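Counting along the sequence shown from 1, when you hit position 20 you're at 108 in this note's numbering, and nothing is skipped either side. This report concerns only the one structure given below.
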Amino acid sequence: MLALLGLAMVVVFTFLIMTKRLSPIVALTVVPIVFAVLGGFGGTTGKMMLDGLKMVAPSAALLLFAILFFGLMIDAGLFDPLIRKILKRVNGDPMKIAVGTALLSLLVALDGDGTTTYMITCAAMLPLYKRIGMNPMILATVSMLSLSIMSGMTPWGGPATRAIAALGLDAGEYFVPLLPTMIGGAAWVVFTAFLLGRAERKRIGNVQLQSGGGNCYINAIMEDTPHKRPKLAYVNLLLVIAVMVALVMGIMHSAILFLIGFVLALMINYPQLDIQKERILAHSGNAMTVVLLVFAAGIFAGIFSGTKMVDALAQTLVDWIPPSWGHLFPLVVAITSMPLTFVLSNDAYYFGVVPILANAAAAYGIHPVEIARASILGQPVHLMSPLVASTLLLVGMVDRDLGDFQKATIKWAVLTSLVITALALLTGALTLFS
């Protein structure tokens, strides 16, 4: 009964936001409350919602300060040299622009952080997309797929870190066999960008932009503003590196690191109080929208977990798998990771569901490391979810509705998950027969 109720809640929620019957914030809040009451959990719904808010509060704080931190770095012109090089290479060719987007986002996504990836990639490429009339959904799709490969598979990325910790695995044993899959997945993302860019070139043509003189398109996109601080470029670069190194080393919680980084960046680049206030206000609208969505997602996740709907769905899945399919269990996990990670946060899936799946797989003689590898192959679909904070940031940056984003990306996300699953099987990262 609980499993059916949970499935119905997810279907209704997805339908409402994709058909734009409700906004994501309203749907994330209202739908789980209604289903909790229908399930007889009305008396404890408030506590579950509060637990959900507590669960996402660190993520909300992280996004708030990360948006402000990288917003200041972009204002100060830290990434301008990199952006100029990319713009010079791609000019106005939609195909080259899409491929350039893929290469940039794949490189930046190596740090495992979605916020960093989306902010830097959008800062570099979105003005050019607007300049020649390219569909910004291509930018969003390619960036999301890049993050799903680089952050999804590396041991320092969020999903893999959780899977390794939940199952008590060795990071090297998990990762090395996945390297060919990750390389192949990155190549697939570039190929996808090529296909999307080629189709866009047919639609709008190859726009030849002036690359010299006063009307140079690069100068127009990279217009000088009073907020640029070119003389402080090396200081800002050292600050970003210091924050990233501290983040990787786990010296402090990431939200605290970005808070400190933001405050230092504000003091270094804009010591005048009136300019500090102006810069904060300039980025507060984007930050507030994302934070509100994250808290709404926390209510959804809190009720979904607190009512045990997620546990019931996972157990039902395990019970439905016939014993004769035991040798196919890694493939089953890989395929089901797509819908399960879409409706669950990474914490809920990797700490709640994956151990159940690993225990079930052990009955068939399958090592937990294969379940860990299989469980991350649905990350392209996971990153479409409204429960992913950085996805909400990306949608806001390209100024599109979440439902439109999901409709535009679902085909490519599912296809990417299937491609990397096939690569994992071909390269031996997953095995079907012991």
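Don't be surprised by glycine CBs; every beta carbon is placed ideally from N, CA and C. A quick note: this is a predicted structure, and the numbers were derived from the prediction, not measured.
query, result
"Inter-residue Cα distance where the pair is M207 and L214", "10 Å"
"Buried versus exposed, by CB contacts within 10 Å (16 or more), Q360", "exposed"
"For P247, the first and last residue of its enclosing alpha helix (DSSP H)", "G246 to L255"
"Outcome for N447 when other beta-carbon atoms lying within 10 angstroms are tallied against a minimum of 16", "exposed"
"Residue ranges of each alpha helix (DSSP H) within the segment 433 to 484, 4 or longer", "442 to 450, 456 to 463 and 467 to 470"
"Beta-carbon gap between I226 and A186 smaller than 7 Å", "yes"
"Reduced DSSP secondary structure (H/G/I, E/B, other) of P215", "helix"
"Same chain, Cβ closer than 7 Å to M143, neighbours up to 5 away in sequence not counted", "G386, A389 and G390"
"Bounding residues of the alpha helix (DSSP H) (the contiguous stretch that carries D362)", "L361 to G394"
"Pair within 7 Å by beta-carbon distance, A422 and L465", "yes"
"Extent of the continuous alpha helix (DSSP H) to which F263 belongs", "A259 to F263"
"Contact the segment 452 to 462 vs the segment 113 to 126: 3+ CB pairs below 8 Å", "no"
"Sub-7 Å separation of V476 and S463 beta-carbons", "no"
"Candidates A190, L327 and P243: closest to L354 by CA position", "L327"
"Three-state secondary structure assigned by DSSP to Y358", "coil"
"I409 - containing alpha helix (DSSP H), residue span", "Counting along the chain, I409 falls outside any alpha helix (DSSP H), and DSSP gives it neither H nor E."
"C-beta atoms of N324 and A164 nearer than 7 Å", "yes"
"Collapsed DSSP secondary structure at V421 in the structure displayed", "helix"
"7 Å Cβ cutoff met for L90 and K495", "no"
"D181, DSSP secondary structure in three states", "coil"
"When I508, V507, K290 and S473 are compared against T102, the one with the closest alpha-carbon", "S473"
"Span of the alpha helix (DSSP H), counted from its first residue to its last, around G285", "L267 to I292"
"Residue closest to M137, alpha-carbon to alpha-carbon, out of T479, P427, F392 and T429", "F392"
"Supposed contact pair A197 and L235 - C-beta distance, whole angstroms, cut 8 Å", "5 Å"
"Buried or exposed by the 16-neighbour rule on C-beta atoms within 10 Å, applied to A253", "exposed"
"Cα-Cα separation between D487 and N223, rounded to whole angstroms", "11 Å"
"Assigned secondary structure, K108 (DSSP; H/G/I helix, E/B strand, else coil)", "coil"
"F153 beta carbon less than 7 Å from that of F417", "no"
"Residues of its chain near T504, where Cβ-Cβ distance is below 6 Å and the 5 sequence neighbours each way are ignored", "L233 and P468"
"Contacts around Y262, its chain only, beta-carbon distance under 6 Å, and the 5 residues preceding and following it disregarded", "I252, V457 and A460"
"Nonlocal neighbours in the same chain, by C-beta distance under 8 Å from V278, ignoring five residues either side", "V187, A190, L191 and L194"
"Length at least 4, wholly inside the segment 108 to 179: the alpha helix (DSSP H) runs in chain order", "112 to 126, 133 to 163 and 168 to 178"
"Same chain, Cβ closer than 8 Å to K135, five either side skipped, listed in chain order", "G394"
"Unbroken stretches of the alpha helix (DSSP H), 4 residues or longer, contained in the segment 317 to 351", "321 to 337"
"Nearest-angstrom Cα separation, counted from Y217 out to A287", "14 Å"
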